[in-house]
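Peer 1: Here it is, the structure, as structure tokens.
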Ligand SMILES: [Zn+2]
């Protein structure tokens, strides 16, 4: 029996229309067609589809600060009300200055008047643009992840939330890396609230989920384990994802990073998946951050994982044998994206 799929229809409203990459606008890879390709593959595979249930702001502030939620909700309107849209190339919300901690001698930065500067208080990069329908899509993605968690808590063995935009780079009070709200973290937090903690988050995306790590760094109610391209080899998110980040305070030893060399292929990648599954021992439920950008022809990573590798990973994580929410993260090769996701979900079903 194929897994239930929660699909947020409003994802198509989020059209970043590029990213500002080292000073110039490029086409970008986090496109509306990603959601459509995944949905088409799963409809063809006979998966039952569900819509996301409505949510309120308090559902989001279980993980994120009210300031970030309010900023994302209003950023587009604020931008429209400013003079930026009449200037060439300023048709999306983008920061240009960032209040680094040392600039203010550690004091909280004063709230700026300029919306461009305000954006720099919440954005960690210039690649994550906000357009007219971004908030509606971001909210629907978060709602889909929360709906999947609720379904699992109500008795479904596993549910897949086919969301975009992705979420694992977004933290408590910041967004970036094509992510706005942290869908996987919201699902994990809801599972804890519904008495399904401790939760283990297993992050299979090719990049380190710095946002999920930050959100749960000081707690052991949600463990975070990730395998990803080594930031020391020059990859995003650059400052985080190293093996010595193991958690802090009550979260000590509840964070596990497994950085991988460029070119890592199935065998070594799957050995790391096994380590993440062991790390999840004793968890009462699991959230899988399913990025499929470790695929060997993905434009965003130098890892060399195959479709069969992802299917085997599905079978391995299923062996943990706990209620599971699977949340979509990255994966940018449109020609294979549907096959990679379906392969993982098939493997998961076989592994149960
Ligand atoms: Zn990624």
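Numbering (my numbering), first residue to last: 4 to 355.
Using N, Cα and C, we set each Cβ at its ideal position, and we do this for glycine too.
Please read all numbers here as calculations on a predicted model, not as lab measurements.
#1: Taking the CB atoms as reference points, tell me whether residue 132 and residue 39 lie closer together than 8 Å.
#2: How big is the Cα-Cα spacing for residue 232 and residue 9?
#3: Using three-state DSSP, classify residue 307 as helix, strand or coil.
#4: With a CB to CB cut of under 7 Å and the five nearest residues on each side skipped, what residues in its chain are close to residue 275?
#5: What three-state label does DSSP hand residue 88 in the structure shown?
#6: What does a CB cutoff of less than 6 Å around residue 189 pick up in its chain, not counting 5 residues either side in sequence?
#7: State the DSSP-derived secondary structure class of residue 147, mapped to helix, strand or coil.
#8: Taking just the CA atoms, how far does residue 206 sit from residue 323?
#9: Using a threshold of 8 Å, state whether the C-beta atoms of residue 152 and residue 170 are closer than that.
#10: Return the residue from the list 340, 281, 328 that minimises the CA-CA distance to residue 159.
#11: Let me check understanding here. Comparing Cα to Cα, which of 268, 4, 137 lies closest to residue 14?
#12: Kindly give me the distance between the Cβ atoms of residue 214 and residue 173, rounded to whole angstroms, as I take these residues to be in contact under 8 Å.
#13: Roughly how many angstroms lie between the CA atoms of residue 184 and residue 102, to the nearest whole one?
#14: Which of helix, strand or coil does DSSP assign to residue 313?
#15: Specify, as a first and last residue, the run of the alpha helix (DSSP H) that residue 275 falls within.
#16: At a cut-off of 7 Å, is residue 296 close to ligand 1 when judged by its beta-carbon and the heavy atoms of the ligand?
#17: For the 8 Å Cβ check, are there 3 or more pairs between the region 74-90 and the region 109-127?
#18: Relative to the C-alpha of residue 198, which candidate in 75, 289, 297, 335 has its C-alpha closest?
Peer 2: Straight from the coordinates:
#1: no
#2: 29 Å
#3: strand
#4: 230, 261, 263
#5: helix
#6: 66, 145, 148, 149
#7: helix
#8: 14 Å
#9: no
#10: 328
#11: 137
#12: 4 Å
#13: 21 Å
#14: helix
#15: 269-282
#16: yes
#17: yes
#18: 289
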